[in-house]
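The structure appears right after this line, and notes come after that.
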Amino acid sequence: MDLEKKKYVIYSLCAVVLILFITRLSYLQLFNKEELSRESDKNSVKTITVTPPRGIMYDRNGKILVDNKPSYTVTITPSQFDKNNLNEVSSLLEIPAEELQENLKSFKGTNRFNPAKIKRDVDFRVISHIAENRDRLAGVDYQTDAIRLYSKEFHGSHSFGYTSEISEKMLGKQIGDYYKQGDVVGSSGIESNYENYLRGVKGYNFITVDVKGREIGQLNDGKDNIPPINGSDLILGMDKDLQEYAEKLMKDKRGAIIAVDPKTGEILCFVSKPDFDLSLFAGKTDPKVFSSLLNDPDKPLFNRVIQTKYPPGSTWKMMMSLAAMAAGEITPTSTIACNGSFVFGNRSFEDHGAYGNINVTRAIEVSANTFYYKLGLQLGIDNYNKYGKMFGFGGRTGIDIPNETQGLLPSREYFNKRYGENKWTPGLLVSLGIGQGELGVSPVQMVAYTAAIAMDGLYCQPHFVTKIKNSMNDTYEDMKFEQRRINIPQKYFDAVNKGMYLVVNGGGTAKNIKSEDFVLCGKTGTAQNSSGNNHSWFVGYAPYDDPRIAICVLGENQGWGNVFSAPIAGALMVRYLGGEQYETSDEIKMVNQGTQD
Amino acid sequence: MNKNIFERIDVLILIVVLALVGSGLIAIFSATYTSGTDYFSRQLTFAIFGLVIMIGISFVPPRIIARASYIFYVVSLLLLVLVLIFGKKISGSKSWFSMGGFGIQPSEFAKIATILTLANFLSTSEDGFKNVNKPLVFLKAIAIVFFPVVLIMRQPDMGTSLVFLSMILPILFWVGMSPYVLFIIISPVIIVLGAFFGMTYLIAAIVIVGLILLLFKKNILVTVALVLINVAIGFSFDSLYHKLQPYQQNRIKAVFDPTTDPLGSGYNVIQSKVAIGSGGMFGKGFLQGTQTQLKFIPEQWTDFIYCMIGEEFGFVGCVIILLLYMLIIFQLVNNSYLSKNKFLSIACIGFSSIIFFHLVVNVGMTIGIMPVIGIPLPMMSYGISSLLSFLIMMGIGMSAYRYRNQY
């Protein structure tokens with residue numbers, strides 16, 4: 003073999019290696035680029051989630067109802083965390099070491115490289131300790147988050163609802179993967195219902211880190227960062243001053259108040275007492291506080307406005323009147339004899355007094371039981387159910403907070419099921435005629451019903467939120483809620499409304515709340531309660547000729563409707579219509595007229 | 078006059094060397110500029126110094142170099158002994174002299190001295206090469222390489238030892254060793270590689286070696302004996318393999334499946350593959366490589382410098398670098414072919430083999446097809462001894478071109 007041949011042997015060998023290397027390079031760089039790039043990013047880019055502040059809630063006059071304030075959240079990046087620091091961090095954050103360790107273990111895969119929220123709303127003392135020992139406490143860091151800030155003047159606990167750290171159950175159930183451990187979600191009330199608007203959209207900052215996890219800077223000078231979108235602000239129909247006043251009037255009582263604008267269904271105030279301080283839930287929630295609320299015999303977490311199912315008592319009488327007239331059983335002028343009691347079968351049903359032959363308007367004014375005992379029988383179960391449904395009973399009003407009860411509106415099927423086919427007598431309808439017996443209504447159903455009467459049949463879905471402010475472009479989106487007309491002739495509504503007018507302004511059961519300045523209308527009611535004092539109801543609206551507020555007040559175990567509920571309702575209606583100077587005192591004097599409902 | 082310059086100076090090597098050294102400096106700058114070290118300025122200083130030496134050497138007549146070669150060799154051996162006694166241990170190997178803040182690696186210079194000595198030894202007969210097929214000449218040639226290799230293995234520095242061994246075969250091939258004997262030397266390597274992959278591959282390797290031996294049509298008994306020896310080597314590989322240091326075993330294992338030990342020996346391979354792969358066609362741009370800038374690759378300015386090129390300059394950059402090396406190797410082999418001076422002819426083959434071996438092992442390692450053996454990428458990796466030693470080789474290579482017509 004001469005040298006020239008050898009030269010070409012060597013050249014060929016080099017060429018083979020060159021081809022082999024270029025093939026390998028093209029495999030890595032041209033065909034596997036995507037995968038290896040992802041690998042490379044995963045390596046060196048840390049994703050910091052930026053949680054935007056939740057939307058703010060404003061009242062109908064632009065006053066802030068629910069605000070935000072900054073707080074510190076401690077985060078730990080599991081991949082960087084040094085186990086030797088476990089005890090120190092555990093005592094610093096007041097989290098048991100085992101719990102902390104378990105928590106950190108639960109982060110798998112790439113999540114291990116990103117900071118996880120470990121404890122919210124920590125003291126500045128903790129933050130300064132972390133900042134001073136940053137080098138030693140590898141992987142432990144903090145970020146500023148917004149947490150809820152509530153007014154000290156009032157609670158609104160059942161309306162706004164509380165926010166809390168997302169539970170493992172919710173994390174598991176969520177569709178998609180928006181929420182991560184440590185995220186805050188609306189857990190009740192408006193916070194829960196409007197979660198998707200209030201929460202905004204998380205942003206992400208991409209931080210390049212070196213092999214030891216030290217931050218080098220923003221990836222691509224922050225150009226790739228995804229900025230968060232702030233939560234949308236909610237404009238509520240609520241009147242902050244009225245809400246505050248309503249809570250004062252209900253202080254230390256058990257019961258519920260809801261007032262709406264009858265023309266729209268916008269909720270003006272919403273009180274369920276006893277309630278609780280939402281700020282207990284804003285940051286770290288002490289489990290003891292939560293369980294004490296949960297186990298309180300007065301049930302402060304229970305939303306009495308939408309969850310109670312009490313018989314409406316005499317406040318039901320407008321319902322009966324309208325149903326009977328619409329069904330053709332009576333006319334506005336036809337009369338029924340009311341002589342103090344009513345005997346059906348072998349049972350006597352009592353009344354407060356004997357009123358003689360009276361028409362429907364007068365029957366409402368004096369709350370004549372006999373009139374409605376008879377009407378109940380006359381109307382029959384099918385019409386009872388039909389017209390009840392028309393006014394929203396036995397179903398949800400669709401108020402924009404969760405866990406509303408349907409209440410109970412009996413029907414033929416219901417009784418058949420409960421007592422057996424044909425094993426019940428129409429006698430049940432006697433009590434049902436005066437709103438007692440197997441009938442369950444909630445204050446929100448009652449206020450919607452009252453507003454519909456005031457509006458001569460315009461039934462509006464009660465709701466809190468009127469507008470949503472889009473945080474991207476500061477435009478307002480009007481919320482649409484259902485409005486429907488109840489098909490009952492105007493003259494029947496006139497007869498009923500006249501009765502409600504006389505309840506306050508005539509010789510009726512609530513003349514104690516008559517106002518010189520505003521024409522208030524309403525109806526008292528007392529729900530019989532076998533296991534304690536009766537429940538006190540009042541529904542009403544004002545002014546008579548142009549209703550601007552409809553209200554329902556329920557006093558749990560407070561006795562007669564005119565004693566407890568009517569004065570509160572009256573004070574609130576006057577306050578709403580007349581403004582601050584009508585705010586007389588924090589405590590309404592309860593009249594004692596004894597025997598009227 | 079212009080033509081004269083091209084006749085007298087190996088402009089191709091000069092330009093390619095400048096390109097490679099320049100690329101190396103760019104890569105070192107990118108790899109270290111955030112770290113606050115002065116690797117770049119040191120390398121730049123010694124690159125200028127080395128280029129001056131290279132050009133200077135290219136004018137030195139071959140016989141002076143040949144005469145000096147034995148002295149170089151003896152001095153090198155002496156230094157290799159001294160480094161074992163006084164050397165500084167860096168990452169497990171005692172291969173450095175620390176001199177005023179700089180590390181000097183005698184083994185880098187021993188490469189040149191050994192090649193020159195071997196070349197001198199094999200070329201002393203005026204009209205050509207010594208006959209290496211004579212056992213005595215062969216053994217002497219092997220002995221020249223043997224001494225420095227033994228000393229370097231004592232450091233221990235397996236990579237550099239392999240470099241010394243890598244140049245023997247091409248030189249023997251070049252000076253006319255019988256292909257049959259060469260194949261007999263290579264065959265155990267093929268067998269061992271086969272054995273590494275498992276029994277099927279081992280048997281296939283034995284069959285192939287046997288068939289090729291038969292093709293030489295030598296004495297059948299000798300052929301059978303050789304095959305049997307190879308079989309014995311193949312089956313004793315397992316025990317040999319277990320005599321390797323555990324980290325060396327792991328490194329070899331990790332080549333074939335880096336994921337077995339992603340944070341240990343496989344880490345570098347995975348990270349460097351990720352770095353190179355994520356570069357794509359044109360790379361992420363100068364100073365934009367996240368893998369390298371963020372130090373996911375250890376010692377990226379030395380043995381893993383090719384990752385920088387791959388990540389920041391992409392496929393295009395990688396291929397250009399490969400082509401530059403191929404140009405150097407081709408030109409050296411061509412100088413070797415053209416050179417009437419047999420001493421320089423052999424030396425150039427030795428230099429090109431060394432560059433080739435460094436290239437294959439280093440680039441092969443970064444792209445994940447070779448074990449992680451710590452040897453630098455010629456003229457690009459940071460390392461003063463290595464840089465100077467390669468530039469001296471290139472100077473001698475250029476002188477081979479300049480004096481190609483002198484005997």
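Read top to bottom, the protein sequences are chains A and B.
Letter by letter, the first sequence follows residues 3 to 599 of the numbering used here.
Letter by letter, the second sequence follows residues 78 to 484 of the numbering used here.
Where a beta carbon is used, it is the ideal one built from N, C-alpha and C, also for glycine.
The model shown is predicted, which means the values in this text are computed figures rather than measured ones.
Buried versus exposed, by CB contacts within 10 Å (16 or more), residue i
i, result
"A/R56", "buried"
"A/Y10", "exposed"
"A/V19", "buried"
"B/V209", "buried"
"A/T25", "exposed"
"B/A477", "buried"
"A/I12", "buried"
"A/G596", "At A/G596 the pLDDT is 46, less than 50, meaning the model places this residue with poor confidence; the figure from the coordinates comes in the next sentence. A/G596 is exposed by the Cβ-count criterion."
"B/K417", "exposed"
"A/P464", "buried"
"B/P138", "exposed"
"B/L340", "Annotation note: pLDDT 46 at B/L340 (below 50); position unreliable, no value reported."
"A/T49", "buried"
"B/G354", "buried"
"B/I297", "exposed"
"B/P335", "At B/P335, the pLDDT of 49 sits below 50, so the modelled position is not reliable and the matter cannot be decided from this model."
Whole-Å CB distance - residue i paired with residue j, under 8 Å assumed
i, j, result
"A/I192", "A/W318", "A/I192 to A/W318, Cβ: 30 Å. No contact."
"B/I267", "B/A282", "5 Å"
"B/I452", "B/T237", "7 Å"
"B/S243", "B/S430", "6 Å"
"A/N232", "A/S473", "4 Å"
"A/G439", "A/L430", "6 Å"
"A/L270", "A/I551", "6 Å"
"B/L436", "B/I382", "Contact flag wrong, Cβ pair sits at about 12 Å."
"A/L32", "B/I444", "Actually they are not in contact, since the Cβ atoms of A/L32 and B/I444 sit about 13 Å apart, beyond 8 Å."
"A/T310", "A/L556", "7 Å"
"B/I229", "B/F241", "7 Å"
"B/V410", "B/I426", "7 Å"
Opening and closing residue of the beta strand (DSSP E) in which residue i lies
i, result
"A/E479", "477–480"
"A/F344", "338–346"
"A/W73", "One point to set straight first is that residue 73 of chain A is Ser, not Trp, in the sequence displayed. Looking at the DSSP string, the run of the beta strand (DSSP E) that includes A/S73 is 66–78."
"A/V142", "142–152"
"A/H537", "537–544"
"A/F208", "205–211"
The alpha helix (DSSP H) enclosing residue i, as first and last residue numbers
i, result
"B/V158", "139–163"
"B/V284", "276–292"
"B/R119", "116–134"
"A/K107", "99–107"
"A/L236", "It is not in any alpha helix (DSSP H) - A/L236 instead sits in the beta strand (DSSP E) that spans 235–238."
"A/G191", "191–195"
"A/H160", "159–162"
beta-carbon residue i near the ligand ZN non-hydrogen atom, thresh 7 Å
i, result
"A/L30", "Only the bare structure without any ligand can be found here, which leaves the ligand ZN out of the picture."
(request) Would you list, in chain order, the members of the segment 13–29 of chain A that have their beta-carbon closer than 9 Å to a beta-carbon of chain B? (result) Y13, L15, C16, A17, V19, L20, L22, F23, I24, R26, L27, S28, Y29
(message) Please identify, using Cβ separations under 9 Å, the residues of the segment 225–249 of chain A that lie next to chain B, in order along the chain.
(response) none
(message) Short of 8 Å Cβ to Cβ, which residues in the segment 401–417 of chain B face chain A?
(response) M403, I406, F407, V410, N411, S413, Y414
(request) Anything in the segment 442–476 of chain B with a Cβ closer than 9 Å to a Cβ of chain A? List those residues in chain order, please. (result) I444, G445, I446
(message) Quick test of the definition: if touching needs 3 or more C-beta pairs under 8 Å, does the segment 83–95 of chain B touch the segment 141–153 of chain B?
(response) no
(request) Note down, in chain order, all residues in the segment 350–369 of chain B with a beta-carbon under 8 Å from any beta-carbon belonging to chain A. (result) K350, V351, A352, I353, G354, S355, G356, G357, M358, T367, Q368
(message) For the pair the segment 388–407 of chain A and the segment 344–357 of chain A, tell me if three or more CB-CB distances fall below 8 Å.
(response) no
(message) For the pair the segment 286–299 of chain A and the segment 128–143 of chain A, tell me if three or more CB-CB distances fall below 8 Å.
(response) no
(request) Please determine if the segment 323–330 of chain A and the segment 388–396 of chain A are in contact, where contact requires at least 3 C-beta pairs separated by less than 8 Å. (result) yes
(request) Name, going along the chain, the residues of the segment 66–82 of chain A whose beta-carbon falls closer than 8 Å to a beta-carbon of chain B. (result) none
(message) Does the structure place the segment 116–124 of chain A close enough to the segment 73–91 of chain A that three or more beta carbon pairs sit under 8 Å?
(response) yes
(message) Can you confirm whether the segment 105–124 of chain B touches the segment 390–400 of chain B when touching is taken to mean that 3 or more C-beta pairs between the two stretches lie within less than 8 Å?
(response) no
(request) Would you check if there are 3 or more beta carbon pairs closer than 8 Å linking the segment 410–420 of chain A to the segment 272–290 of chain A? (result) no
(message) Is it the case that the segment 367–383 of chain A contacts the segment 327–339 of chain A, given that we only count it when at least three CB pairs across the two stretches are under 8 Å?
(response) yes
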